[in-house]
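Student: Going by our numbering, the sequence shown runs without a break in its numbering and finishes at 490.
Each residue gets a CB set at the ideal place from its N, CA and C atoms; glycine is no exception.
These numbers were taken from a predicted model, which means no experiment stands behind them.
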Amino acid sequence: MTKQDLILLALNPSPILDLMERALYAAGFGVAIAHDRLGLDKSAQESIPALLIIGEKFADQDGFAISLEVLERFPTLPIILYADKDTTGLSKSVIKTGLSGYLYPPLTINDIVDEVQRSLARARKLGDWLRREVKRTTSSLAEKAEFSESERHKLEAVIANIQDGVIVMDKNKNIMLVNRAVRDIFNLDGKAFVGRPLDDVIANADLQALLFRANEGPLKYHEINFDDGRVFNAQYTPIPQIGAAITMQDISYLKELDRLKSDFIHTVSHDLRSPLTSIMGYTELVERTGPLNSNQQEFLRRLQGSIQHITTLINDLLDLGRLEAGFDTRREIVHLENVLKYSLDMFEGQLKKKNIKLAVDVAEDLKTLRANPIRIRQMMDNLIGNAIKYTQPEGMVRVNMSMMGNQIILKVEDTGPGIPPEEQGRIFEKFYRATNTIESVDGSGLGLAIVKSIVDSHQGRVWVESTVGKGSAFIVLLPAQDEPIK
Ligand code: ADP
């Protein structure tokens with residue numbers, strides 16, 4: 005028992021009330037008496053009693069009903085009911101109402117004090133347990149909150165200081181966070197961007213193309229070019245329940261290395277071409293110098309085949325060099341359907357030989373291009389040539405040309421072996437040949453590099469969508485000529 009424990013008595017004036025008051029004082033409790041319902045509520049609220057003793061009838065009201073209401077507000081307050089007499093239903097009602105105990109006459113001082121102390125002891129145990137539980141739960145919650153708060157700070161610091169650019173967007177492509185690197189890359193300082201749509205804040209065509217391509221899923225390779233020569237590789241990663249993140253790495257130095265390598269290859273190929281031409285010339289002359297036996301003829305034929313092969317390779321390399329150096333400035337009106345027709349004429353024999361089905365679909369509203377017709381033909385030949393080359397006999401090749409806004413979409417699809425996802429980003433590199441390639445299929449790994457250079461030099465985009473075992477689709481997006489010239 006604690007000295008300060010206050011017992012609130014809510015009993016109608018009677019000798020029992022006096023007895024209780026005296027008994028409790030004597031036992032060392034504080035006592036407060038409520039004279040009416042209002043007084044009871046006020047004392048319960050303000051003086052925080054340790055226990056309430058209430059009459060079965062109090063201030064013309066039912067003690068049980070009042071107890072229920074009090075417990076509703078103070079569920080841990082122990083309540084003892086005083087009844088004028090013990091009836092059969094009394095204990096039942098006490099239990100049902102959730103009271104701690106009950107008293108009825110005849111009463112001695114000890115009866116009162118014993119019952120009060122018993123109820124208080126029980127309430128105290130309950131209170132201790134409750135406090136312990138609350139403490140335990142709140143401390144573990146606090147720990148968790150502290151942990152996640154410090155984790156959040158760490159994460160923010162990591163993202164802020166990371167060298168790569170990071171943009172986090174919500175599901176509607178509104179900016180949630182950009183780090184310092186992105187602010188520097190796009191000169192965003194001083195601009196308000198949080199909560200605004202990414203394509204409003206950063207008007208960069210390559211970034212917008214990334215968002216467009218990203219609708220189809222995560223992206224590993226996408227270049228973002230700047231006029232000052234900087235180049236970034238961007239990845240788009242959807243984040244469940246949040247939206248998506250774009251990360252960007254500066255690959256300008258890799259591009260510069262690539263340029264140096266290209267320059268070197270260009271010079272070497274150029275220097276190789278003249279001796280090759282003279283070797284070819286002499287192999288043709290040998291035949292005229294006198295009769296050759298069949299072995300000599302066969303060896304010469306193989307020699308010429310190999311020289312032809314190297315010459316094609318060198319021509320491809322020189323082409324690439326020219327394209328990459330930006331020498332390709334010739335621009336004319338190009339009707340893509342005509343280019344397609346000539347290209348398909350050329351492949352007719354190969355299609356027949358492999359018995360490959362061909363489906364062509366050209367939209368009626370297809371616009372014209374301002375382009376170099378020779379390069380566009382080269383691009384078309386490479387894509388259709390690959391589709392036929394990599395597709396097994398009896399397969400299918402589909403060529404589709406349509407408009408999307410002011411962009412022409414060329415899609416070359418096949419039912420070939422498909423390209424493993426991890427290699428799809430590399431097949432446009434020079435000399436890269438994917439592991440799916442059937443060994444017997446001839447190639448130098450330059451075709452798609454040429455395609456990409458041509459598409460780039462016409463301000464277009466090219467990418468592949470492919471599933472191993474099902475086939476590949478190469479998609480080229482080229483800006484149509486603005487106003488058709490009549
Ligand atoms: P290659 O001379 O080897 O055909 P490309 O640059 O044209 O060189 O293509 C690079 C690689 O991409 C090929 O070696 C091949 O692995 C893969 N590839 C290109 N087109 C297709 C296709 N239609 N189906 C499957 N794989 C393809």
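Could you give the first and the last residue of the continuous alpha helix (DSSP H) run that contains Phe-432?
Tutor: Careful: Phe-432 lies outside any alpha helix (DSSP H) and carries neither H nor E.
Student: Start and end of the alpha helix (DSSP H) containing Phe-33?
Tutor: Annotation: Phe-33 is outside any alpha helix (DSSP H) and is labelled neither H nor E by DSSP.
Student: If we call anything under 8 Å between Cβ atoms a contact, is Lys-415 one with Ala-477?
Tutor: The Cβ atoms of Lys-415 and Ala-477 sit closer than 8 Å to each other.
Student: Which residue's Cα is closest to the Cα of Glu-398: Leu-362, Gly-422, Gln-411 and Val-445?
Tutor: Closest option to Glu-398, Cα to Cα, is Leu-362.
Student: Cβ of Ala-363 within 7 Å of any heavy atom in the ligand ADP?
Tutor: It does not: the Cβ of Ala-363 is nowhere closer than 7 Å to a heavy atom of the ligand ADP.
Student: For the region 117-132 and the region 79-99, state whether three or more C-beta atom pairs, one from each stretch, are separated by less than 8 Å.
Tutor: yes
Student: Quick check on the DSSP output: the alpha helix (DSSP H) that includes Leu-258 runs from which residue to which?
Tutor: 256-292
Student: Would you say the beta carbon of Arg-326 is closer than 7 Å to some non-hydrogen atom of the ligand ADP?
Tutor: no
Student: For the beta strand (DSSP E) holding Glu-60, just list the boundary residues, first then last.
Tutor: Note, Glu-60: premise wrong, no beta strand (DSSP E); not H, not E.
Student: Say yes only if the C-beta of Arg-437 is nearer than 7 Å to one or more non-hydrogen atoms of the ligand ADP, and no if none qualify.
Tutor: yes
Student: Determine which residues share a DSSP beta bridge with Asp-22 and list them.
Tutor: For Asp-22, which the question treats as bridged, DSSP gives no partner whatsoever.
Student: At what residues does the beta strand (DSSP E) containing Gly-475 begin and finish?
Tutor: 475-483
Student: Looking only at its chain, what residues have a beta carbon closer than 6 Å to the beta carbon of Leu-322, apart from the 5 residues adjacent to it on each side?
Tutor: Ser-273.
Student: Taking only the alpha-carbon atoms, compute the straight-line gap between Leu-21 and Ile-11 and give it to the nearest angstrom.
Tutor: 12 Å
Student: By alpha-carbon positions, which one of Gly-294, Glu-288 and Asn-319 ends up nearest to Arg-305?
Tutor: Glu-288
Student: Whose C-alpha, out of Asp-203, Glu-291, Gln-239 and Asn-219, is nearest the C-alpha of Glu-227?
Tutor: Gln-239
Student: Please indicate yes or no: does the CB of Asp-418 lie closer than 7 Å to some heavy atom of the ligand ADP?
Tutor: Asp-418 has its CB nearer than 7 Å to a heavy atom of the ligand ADP.
Student: Starting from Ile-84, follow the alpha helix (DSSP H) in both directions and report where the run begins and ends.
Tutor: Where Ile-84 is concerned, there is no enclosing alpha helix (DSSP H), although the beta strand (DSSP E) it sits in stretches over 83-86.
Student: Who are the Cβ neighbours of Ile-314 in its own chain at under 7 Å, not counting the five residues just before and after it?
Tutor: Leu-280
Student: Determine, using beta carbons only, whether Ala-484 and Thr-372 come nearer to each other than 8 Å.
Tutor: yes
Student: Using a Cβ-Cβ cut-off of 8 Å (strictly less than) and excluding sequence neighbours within five positions of Gly-473, which residues of its own chain qualify?
Tutor: Pro-421 and Gly-422
Student: Any heavy atom of the ligand ADP within a distance shorter than 7 Å of the CB on Asn-410?
Tutor: no
Student: Within 10 angstroms of its Cβ, does Asn-183 collect 16 or more other Cβ (buried), or is it exposed?
Tutor: buried
Student: Would you mind giving the Cβ-Cβ distance between Asp-418 and Tyr-394, rounded to the nearest angstrom? I have them listed as a contact below 8 Å.
Tutor: 7 Å
Student: What are the boundary residues of the alpha helix (DSSP H) that includes Pro-377?
Tutor: Here the alpha helix (DSSP H) through Pro-377 covers 377-394.
Student: So, at 8 Å on beta carbons, what are the nonlocal neighbours of Ala-36 in its own chain, with the 5 sequence-adjacent residues on each side left out?
Tutor: Here the set comprises Leu-10, Ile-11, Leu-12, Leu-13, Ser-47, Ser-51 and Pro-53.
Student: I'd like to confirm the pairing. Which residues does DSSP put opposite Asn-404 in its beta bridges?
Tutor: Within the DSSP secondary-structure output, Asn-404 pairs in a beta bridge with Asp-365 and Lys-415.
Student: Helix, strand or coil: how does DSSP classify Gly-105 here?
Tutor: Strand, per DSSP.
Student: Once the 5 residues before and after Lys-129 are set aside, which same chain residues still bring their CB inside 8 Å of it?
Tutor: none
Student: Expressed to the nearest angstrom, what Euclidean distance is found between the alpha-carbon atoms of Asp-188 and Asp-254?
Tutor: Per the coordinates, the alpha-carbon of Asp-188 lies some 12 Å from the alpha-carbon of Asp-254.
Student: Taking the Cβ atom as the reference point for each residue, do Leu-340 and Leu-370 lie within a distance shorter than 8 Å?
Tutor: yes
Student: Let's see if you can read the secondary structure: which residues bound the beta strand (DSSP E) around Arg-465?
Tutor: Looking at the DSSP string, the run of the beta strand (DSSP E) that includes Arg-465 is 465-471.
Student: Near Ile-163, which residues of its chain fall below 6 Å by C-beta distance, leaving aside the five closest residues on each side in sequence?
Tutor: Val-170 and Asn-183
Student: Taking buried to mean at least 16 other C-beta atoms within 10 Å of its own C-beta, is Asp-320 buried or exposed?
Tutor: buried
Student: Among residues of its own chain, excluding the 5 on either side of Val-445, which ones have a beta-carbon nearer than 8 Å to its beta-carbon?
Tutor: Counting only Cβ-Cβ distances below 8 Å, and skipping sequence neighbours, we find Lys-393 and Tyr-394.
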